[in-house]
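In what follows, a single structure is set out as structure tokens and then discussed.
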Amino acid sequence: MQNKDLEGMIARVASRNINMYGKDFLLTWEKSLEELEAVFDTAMILRRLRQENISCRIWDSGIAVSNFRDNSTRTRFSFASAADLLGLYVQDLDEGKSQVAHGETVRETATMISFLAEAIGIRDDMYLGEGDRYQREVGQALDEAVAAQVLPSRPTVINLQSDIDHPTQSMADFLHLAEYFGGLDKLKGKKIAMSWAYSPSYGKPLSVPQGIIGLASRFGMDIRLAYPEGYNLIPEIEALSARQAEASGGRFTITHSMQEAFKDADIVYPKSWAPYEVMQRRVPLLHAGDTAGLKALEQECLANNAKFKDWECTEDMMKLTRGGRALYMHCLPADITGVSCKAGEVAASVFERYRNDTYREAGWKPYIIAAMILLGKRDAPARTLQALFERGRSREL
Amino acid sequence: MQNKDLEGMIARVASRNINMYGKDFLLTWEKSLEELEAVFDTAMILRRLRQENISCRIWDSGIAVSNFRDNSTRTRFSFASAADLLGLYVQDLDEGKSQVAHGETVRETATMISFLAEAIGIRDDMYLGEGDRYQREVGQALDEAVAAQVLPSRPTVINLQSDIDHPTQSMADFLHLAEYFGGLDKLKGKKIAMSWAYSPSYGKPLSVPQGIIGLASRFGMDIRLAYPEGYNLIPEIEALSARQAEASGGRFTITHSMQEAFKDADIVYPKSWAPYEVMQRRVPLLHAGDTAGLKALEQECLANNAKFKDWECTEDMMKLTRGGRALYMHCLPADITGVSCKAGEVAASVFERYRNDTYREAGWKPYIIAAMILLGKRDAPARTLQALFERGRSREL
Amino acid sequence: MQNKDLEGMIARVASRNINMYGKDFLLTWEKSLEELEAVFDTAMILRRLRQENISCRIWDSGIAVSNFRDNSTRTRFSFASAADLLGLYVQDLDEGKSQVAHGETVRETATMISFLAEAIGIRDDMYLGEGDRYQREVGQALDEAVAAQVLPSRPTVINLQSDIDHPTQSMADFLHLAEYFGGLDKLKGKKIAMSWAYSPSYGKPLSVPQGIIGLASRFGMDIRLAYPEGYNLIPEIEALSARQAEASGGRFTITHSMQEAFKDADIVYPKSWAPYEVMQRRVPLLHAGDTAGLKALEQECLANNAKFKDWECTEDMMKLTRGGRALYMHCLPADITGVSCKAGEVAASVFERYRNDTYREAGWKPYIIAAMILLGKRDAPARTLQALFERGRSREL
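Protein chains in written order, with my numbering: chain A, 1254 to 1650; chain B, 1254 to 1650; chain C, 1254 to 1650.
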């Protein structure tokens, strides 16, 4: 490695005007552009250090809490890998899947798990209006506990997917884009089609498409959000993305034609989700434990989905993109026609051509999470990175 | 930090006449006063070292086994945090909740999990007559395996709550008291009301109140154990506490009036439990898997509890205490009237006033557990603590 | 310790002609004799280093994935202990017990969990024709991901029990034999009775007896495989063992008499299993989720088993062995007559006499697993061992 190269990257982190210490990472649009770039830089530095067999272990002991209120394999592994990379031991907080806790229970539990904790990763995307709210409640409890000198230090909360945003996913996606196109600055003006796609399953969260439009609109991209009528995202997030796109010199267009979105696109992200309106109707049913009502809603929604089976990322669709060679993206697992289902989001031949790209995309997630932890826990993150570099301890003997 | 201060604490550990190496920590009343004080000292030293950013990692590799035969969040996190603080990786032994194993199965499993283990934490408080017995059976299996040179060293067993005692809780409680009142020696003569309180739930174990009276009676305190008639604890533990109180220059009184117990109290610990007689009747029903019988017993018990809804730690009750300002304690989670239940152990305003105190109380538990592990595994614990101090390795970079 | 002794052991590893780097450990018969001996040597060296309080931590961070598609306690602890010994954090991949994944799902999951992983331990022994196939599919996915530069390095896959072989068990068993008889070279010509034995349970996998005959036949042993007619193992493995026995100067005989097998045996390994034919019939029933069919097959099989209750390792049986003092072996837990069941594989007095031997046998497993990981991940394993030795970092302070 060119040491100079790495030192340059660390210097860039040092030069950034950021205010992330003691804060949580919940939504990308709460962070300044410099802060987002600090995450990208730090993630790249950590990956480079590891590649150079330099240990990124900041902590000699300490706990990272993982709280998955929904199933997960890849995010669970990403969080565990990130925590371990920094020297933290992961302890799961298993509250049972459907439990919705409020008030004293949240406050108390947040404190009880945090006496020796440095980070808390939370995935809670099942209930519209709950996931983000819950993460904030945990963060507030931690603030109070630190203020009352109950906790020796403030663990940083990382949103591992909420009802609103999925920042570890979208940030990994964009680091992949930066690598693919040769830098974040190359994204300006690039056309990205964030499109709904057909899936035989139901109730997929809105956080991935929201995360993508919420982040793409920060970098001056030309965003086309495409979905069948009635399949909109949370209206406030669509409006926010439009405002952000304008501010960053980009564009934000909603279309109800997948073809239109794909036309001349540089990047396509075809992915299923449940309409906002359906997600809203689910909440009282979930709270009430109305299984029959949920079943009926699912049937209604699946029947409606079936009208849009042609929303599939086929070879013909790909031909519409710039030079027929747009970069295909997905958060995985994708519903692949003829592979994981009869009819799905993407044709098998398209997916196969970009398979390794989607894997590389996912490979950034552990480093993004590690960077978020480091930046939430270090007042002078560049100094810490420099110290890791200078210590030069071997990661493997 | 004053290094001298810390070195003084370590010197105090060195001066103690203790015999804990190779032993388990199951019941506080099996330990000498010096041994209990060694645990307190060591816990304080470990917390101080961590505060000074000095790594407490004694092991570079090694396993800590956690065996929770009952649900737990806070004790699970305390054990994991303690093990990780010392450098141990926690591996759960999940035997299924209701299984009661004996004989060869216990002996064999205890050995199989211990080849590279340093500590085994066991929580088993469901069955009267089982939890403590099981922990001893594990300990005996380990003794045999070490004697037969099957195991390279003896993991230390830590009681994380049995049917009899809950020493990691009571010891954390008392370190909190020591901090609150300015030293363990200040506890002599202090009035502590360990009182039953109403709860809408049922079957809470006896180990917390037993742990408190079993430990308070070692320090010359004036103990008032209060409960409605018929709600007594294990008779042998009440008798033991009375004997210990006398020996230590304290007092031990049983009363059936919460008011009487609270009168002029310096400390109050209002907490629900199921009567000993009910706990005894549960055992054969649990063994027989007699769900209907258990349900009937629960109904009977809840109906009886409901007669004592006025056993609540209200503001009026608190006014009876010394200067109206007794320290309120609880092992958490408390049943808070109007917050976690309609009517419970404590009024919301009382709990809120002491909330951070109860959190601080809980915050000692990881250090108490770490101290117990260290003292069970180190022949010359003060030398180990001194070595940690002198090594001075940063816990965080 | 004699440093010379340890350095001699390391030199022996250095001198071996092996090709294990970047490879998986799935079946002992895929490995050369030198490679098997390298595993034995490395396991012994790691145990010695730990005994000398020298840390075996090769990694400062890194993940070991455990994937148990069947219940396990001792193998789970062995894998966790081994991973931790080398410095890896264990993250469980919990896919649900009965799931049989193929194709894209396996390929994708294998990659997603491996970005920062060094080792993947898989136990999958439920379905004949599935476990080994699945492990190979994971390995192939990893090869592809490394070739495509999706993964920075190749995690090594360790077979923690498949439908075919159980190499971590058989290798631990043979290290025990080597220690017991004073060296692997002493095994030549030794008579080992790998015998079916009666058990009241059903459906025990074939991998243990297959692993034993597949390994014993490499060392010139005189193998007698004994079972009631119809209780044969996978025919290809029996044939393979016969060929290997001949090649190594040993013998391989099948008999339908436990007595005949025990006659003059130096070692006896009485252990129940389900007949190959029954295991074959289970597969389509399991795939079809045919619970009634499985129940009927179980009843049929148990009824058949019951005809062979006299296949028990009694004191009388033991008297038939060489000097009446053959070494009794078992992978544990054994079905002990009058202890863990009414009638089982072994008489209580026989088991009790050899109990500590079976424990010692099991005690090698963590070191065998650690050795397999190290050899799969290190191009110059002897150099790594020497580096551990020279670094001389204390495992415990």
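C-beta atoms are modelled at their ideal positions from N, C-alpha and C, and glycine is treated no differently. As the structure is a computational prediction, the values presented were derived from the model and not from experiment.
Query, Result
"Using a beta-carbon distance cut-off of less than 8 Å, what residues from the stretch 1295-1325 of chain A approach chain C?", "Arg1303, Gln1304, Ser1308, Cys1309, Arg1310"
"In chain order, what residues of the same chain lie with their CB nearer than 7 Å to the CB of A:Met1532, ignoring the 5 residues before and after it?", "Leu1381, Leu1459"
"Indicate whether the contact test is met: 3 or more Cβ pairs, each with one atom in the stretch 1400-1414 of chain C and one in the stretch 1360-1376 of chain A, closer than 8 Å.", "no"
"If you scan the stretch 1377-1441 of chain A from start to end, which runs of the alpha helix (DSSP H) of 4 or more residues do you find wholly inside it?", "1384-1400, 1420-1434"
"What residue range does the beta strand (DSSP E) around A:Arg1653 cover?", "Because chain A in this structure spans residues 1254 to 1650, residue 1653 of chain A falls outside the shown range and cannot be described."
"Whole angstroms are fine: how far does the CA of A:Ile1589 sit from the CA of A:Ala1333?", "28 Å"
"Give a yes or no on whether the C-beta atoms belonging to B:Leu1547 and B:Leu1539 are separated by under 8 Å.", "yes"
"Among the residues of its own chain, which have a CB less than 7 Å from the CB of B:Arg1394, if the five just before and after it don't count?", "The amino acid at residue 1394 of chain B is misidentified as Arg; the sequence shows Ala. Answer for B:Ala1394: Val1359, Arg1360, Ala1363, Thr1364, listed in chain order."
"For a contact meaning CB atoms closer than 8 Å, what does C:Ser1334 contact in chain B?", "Ile1316, Gln1344, Phe1368, Leu1369, Ala1370"
"Counting beta carbon pairs with one atom in the stretch 1453-1470 of chain C and one in the stretch 1520-1532 of chain C, are three or more of them shorter than 8 Å?", "yes"
"With 8 Å as the threshold, decide whether the Cβ of C:Val1592 is near any Cβ in chain A.", "no"
"Counting beta carbon pairs with one atom in the stretch 1446-1455 of chain B and one in the stretch 1408-1421 of chain B, are three or more of them shorter than 8 Å?", "no"
"Looking at chain B, which residues of the stretch 1609-1623 of chain C have a Cβ within less than 7 Å of any of its Cβ atoms?", "Asn1609, Tyr1612, Arg1613, Ala1615, Gly1616, Pro1619"
"With a threshold of 16 other CB atoms inside 10 Å of the CB of A:Gln1388, please say whether the residue is buried or exposed.", "buried"
"Should A:Leu1259 go down as buried or exposed, given a rule of 16 or more other Cβ atoms within 10 Å for buried?", "buried"
"Could you work out which residues of chain C lie near A:Asp1418, taking near to mean beta carbons separated by less than 8 Å?", "Within chain C, no residue comes near A:Asp1418; the closest Cβ sits about 21 Å away, beyond 8 Å."
"Taking C-beta pairs closer than 9 Å, name the residues in chain A that B:Gly1340 reaches, listed in chain order.", "Asp1313, Ser1314"
"Verify the CB distance criterion: does B:Pro1586 have a CB-CB separation below 8 Å to chain A?", "yes"
"What is the rounded straight-line gap between the Cα of B:Glu1605 and the Cα of B:Ser1325?", "23 Å"
"Give me the Cβ distance between C:Trp1617 and C:Leu1428, rounded to the nearest whole Å; I'm assuming they're in contact under 8 Å.", "4 Å"
"Would you check if there are 3 or more beta carbon pairs closer than 8 Å linking the stretch 1270-1278 of chain B to the stretch 1607-1622 of chain C?", "no"
"Is the beta carbon of B:Pro1458 within less than 7 Å of some heavy atom of the ligand MG?", "In the structure on display, the ligand MG does not appear, and there are no ligands present to speak of."
"Pick out the complete beta strand (DSSP E) segments inside the stretch 1456-1519 of chain A, 3 residues or longer, and give them in chain order.", "1475-1479, 1504-1508"
"Give me the DSSP bridge partner(s) of A:Tyr1451.", "Answer by DSSP bridge pairing: none, since A:Tyr1451 is not bridged."
"Identify each residue in the stretch 1490-1512 of chain C for which the Cβ-Cβ distance to at least one residue of chain A is less than 7 Å, and report them in chain order.", "none"
"Starting from C:Pro1405, find everything on chain A with Cβ-Cβ shorter than 9 Å and list it in chain order.", "Arg1300, Arg1303, Gln1304, Gly1616"
"Assuming B:Leu1302 contacts B:Ala1623 under a Cβ cut-off of 8 Å, what Cβ separation, rounded to an integer in Å, is found between them?", "Not confirmed; about 10 Å, so no contact."
"Rounded to a whole number of angstroms, what is the C-alpha to C-alpha distance between A:Lys1516 and A:Leu1650?", "51 Å"
"Do B:Ala1514 and B:Phe1505 have their beta-carbon atoms positioned less than 8 Å apart in this structure?", "no"
"In its own chain, which residues sit with a C-beta less than 7 Å from the C-beta of B:Arg1269, not counting the 5 before and 5 after it?", "Glu1287, Glu1290, Ala1291"
"Hey, quick one: how far does the alpha helix (DSSP H) through B:Phe1604 stretch, first residue to last?", "1601-1616"
"Rounded to a whole number of angstroms, what is the C-alpha to C-alpha distance between B:Asp1426 and B:Met1625?", "15 Å"
"What residues in its chain sit with their C-beta under 6 Å from that of B:Gly1473, if we drop five residues either side in the sequence?", "Lys1441, Ser1501, Gly1502, Gly1503"
"Are B:Gly1384 and B:Ser1415 touching if we call contact CB-CB under 8 Å?", "yes"
"Does the beta carbon of B:Thr1362 sit closer than 8 Å to a beta carbon anywhere in chain C?", "yes"
"Go to B:Asp1632, then tell me how far its alpha helix (DSSP H) extends in each direction, as first and last residue.", "Segment: none, B:Asp1632 is in no alpha helix (DSSP H) and carries neither H nor E."
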